[in-house]
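Here is the structure we will look at, set down as C-alpha cells.
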Amino acid sequence: MKKTLKKKMMIGAIAGSLTVGSFIGITSLQPAEAKSTQSNEKVENVIFMIPDGYSSSYATNYRLYKGEESVMDSHLVGMHRTYSANSEVTDSAAAGTAMATGTKTNNGVISMDPDGNKLESILQAAEKSGKSSGLVATSTITHATPAVFASNVATRANEKDIAPQFLQNDVDVILGGGKKYFSDDLLNQAQQDGYEIVSDAQSLNDVKNADKLIGLFAEDSLAPELDRETTNEPSLKEMTTAAIDVLSKDKDGFFLMVEGSQIDWAGHDNDAAWAMKDAEAFENAVEAALDFAKKDKKTLVVIAGDHDTGGMSVGGYNESGANLEILKNVTATGDFMAAQLNEERSNIQEIVMEYADITLSVEEIDQIKQASDPSFEINSIISKHALVGWTHTGHTGTDIPVYAYGPQAHKFAGLIENTDFPQLMAEAMKIPFN
Ligand SMILES: [Zn+2]
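The sequence shown begins at 734 in my numbering and counts up one residue at a time.
The structure is reproduced here in C-alpha cells:
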C-alpha cells in the first residue's frame, strides 16, 4: 500500500517536472556544453561508444525511466541513417562495418565489401598513425560490433577466426566476454608479446602499469547488468575506465571503441527492464569517458547506436502515457524469471512478484502458463504494464540519434550516413584513411 502511494507520488512529481521545469533545465545546460563542441582543435583521441540497438525510443524511454535527462541527451548533435548495402534494415555486422570502415556492405559481413574485398577500419588507420587502440564490449569481444574494427571475415559466426586477428592488428586493450574463442596458444603468445591478462573484476581493478591488456571475464558473453551482481564480472564503466587508463599513456593518442552490446539483446527479447538497466550501465560508461575527455580536452567522444532493435515505442497498447518507473522494481531478466518457474508453472505469480513486483491478472498467469516461450511472455506482460510497445523481435530501419562531445563534435551534426563516422573521425584526428 505504502509502496503504491509512493510510486503514484513519484509519477506526479515526474509529470510535473516534465511539463513545467524541464525546459528551463535543458536550456540552462546548453551554453556551457555547446562551447566545448564548437572547437576546431586537433583531436588526439577518439572514444566511439556504441549502444547496440539504442534508437530514439530507447532514449525517450530511458529518460522517463531515469526521471531526468540522460547524460547522452545534452550532447545530441543529429541522427544517422542505418540501411545496409542489401537491406533497408541492417544487422550489427553490416552496421558496424559501415561505422568502422566507411563502406556499406551486406548483412552478416565483417569488414569486407559486397564483392569480398577487405576494408580498412578507423582503428587500423589509427594504429598505422602510431596511436594505441582498444575494444570493450559486454558481448563476446569477438562479436560483430567489436569484430568489425579489427578483423575481416566473411561471416560473423567465425568468432574463432576473429580472435587472432585482434592480436595481428595490435589492438592494445581487449576487454569483454568470449574466453572460449581465445586458445591457450593464442593467450600464451599474447603474454609473450607483453599483454597483461586478467579474468575478473578484482584482477582488472588491480592492473597498475600495463601497456597492453586482455581481460576475458566469461567463456561466452558477460551477464546482463540485471544479473551481473551474481558474477565476478566488471561493469562496462569499470572496463571503460581501465581501457582509458592503459591507452592514455600513449603520447600519440588512441582510438577506443566501447559497446553496450546487450541493449540490442534485450530488444530482441522485448525485455524492457533489461534494455533500461543496460542503457543505465552504458550511460555510466559514457560518464567515465566524458570525465576523461573534459579533463583531457583533446578527446572526441562520439556516441551512436548502430540500429533500432524491436521497433520499441514510447507508450502503446491503445493507452496514452508511459509507466517506465515500474521497471525500476524489476531485478531480473525475463530469461532469469522463466528459469525459476517450477515444472507445473504453479509459481508464476510468486516469481513475477519477487523479481518484478507486479501483481498479475488471472489471464496473465494463464498466458504465461500456456506460453511456448514463458520468458518472452513474461517480458511481453511486463512491457505492457510499463506501456513500452514493441513491433518486432528483429531490427528496424529507423534513423538513430548521434551524440558527440569534445573538439570537432560539430562535424557529426545533422542527418549523416553511418559511413560518415570513421571518415569524420579520421578528419578530426588528421590521419590518413581510405
Ligand atoms: Zn541485434
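Don't be surprised by glycine CBs; every beta carbon is placed ideally from N, CA and C.
- A Cβ-Cβ contact shorter than 7 Å links N1167 with G835.
- Here V842 is buried, its C-beta having at least 16 other C-beta atoms within 10 Å.
- No heavy atom of ligand 1 is found nearer than 6 Å to the CB of T973.
- Selection G1043, E777, S789 and W1007 evaluated against I1036 yields S789 as nearest (Cα-Cα).
- Annotation for D1041 indicates a beta carbon at 6 Å or more from all heavy atoms of ligand 1.
- The way I'd put it, the region 812-822 doesn't touch the region 1072-1084; fewer than three beta-carbon pairs between them come closer than 8 Å.
- When DSSP states are grouped into helix, strand and coil, G1049 belongs to the strand group.
- DSSP, read as helix, strand or coil, puts H1143 in helix.
- Residue state for G1000 is assigned as helix, using DSSP reduced to three classes.
- Excluding the 5 residues flanking it on each side, V979 has same chain C-beta neighbours closer than 6 Å at V906, A943 and L946, in chain order.
- G829 and T1042 have their C-alpha atoms roughly 15 Å apart.
- Shown here, N850 sits in coil according to DSSP, grouped into three states, outside any helix or strand.
- Contact between S1079 and N1003 is ruled out by a C-beta separation of about 25 Å, above the 8 Å threshold.
- Annotation for D846 indicates a beta carbon at 6 Å or more from all heavy atoms of ligand 1.
- Between I1081 and I1059, the C-beta spacing is not below 7 Å.
- A877 places its beta carbon less than 7 Å from that of S825.
- Cβ contact annotation for K1163 (same chain, cutoff 7 Å, sequence separation greater than five): K775, in chain order.
- Comparing alpha-carbon positions, the option among P1165, A870 and L809 lying closest to T974 turns out to be A870.
- A distance criterion of 6 Å places the beta-carbon of D997 in contact range of ligand 1, judged by its closest non-hydrogen atom.
- Following the DSSP letters along the chain, one finds G1067 inside the alpha helix (DSSP H) bounded by residues G1067 to A1072.
- Under DSSP, the beta-bridge partners assigned to M812 are P1134 and L1148.
- Going by beta carbons, T1066 and W1123 fall outside the 7 Å limit.
- In this structure, F899 lies away from A887, with their beta-carbon atoms at least 7 Å apart.
- Sequence-distant partners of E892 (beyond 5 residues in either direction) whose C-beta falls short of 8 Å from its own C-beta, in its chain, are T873, T875, H876, A880, G911 and Y914.
- DSSP links V1035 through a beta bridge to F781 and A1137.
- Excluding the 5 residues flanking it on each side, F1145 has same chain C-beta neighbours closer than 7 Å at V810, G811, V1035, V1135, A1137 and L1157, in chain order.
- Ranking T1064, T1131, D1099 and E1096 by CA distance to the CA of E1087 puts T1064 first.
- Counting along the chain, T793 sits inside the alpha helix (DSSP H) bounded by residues S789 to K799.
- Boundaries for G829: no beta strand (DSSP E) harbours it, while the alpha helix (DSSP H) harbouring it runs S825 to T834, taken from the DSSP string.
- CA-CA distance, P957 to S866, rounds to 26 Å.
- Looking at D918, I780 and Q1141, the one whose alpha-carbon comes closest to that of I855 is I780.
- Just so you know, the alpha carbons of R796 and D806 end up roughly 8 Å apart.
- For I855, no beta strand (DSSP E) encloses it; the enclosing alpha helix (DSSP H) starts and ends at I855 to K861.
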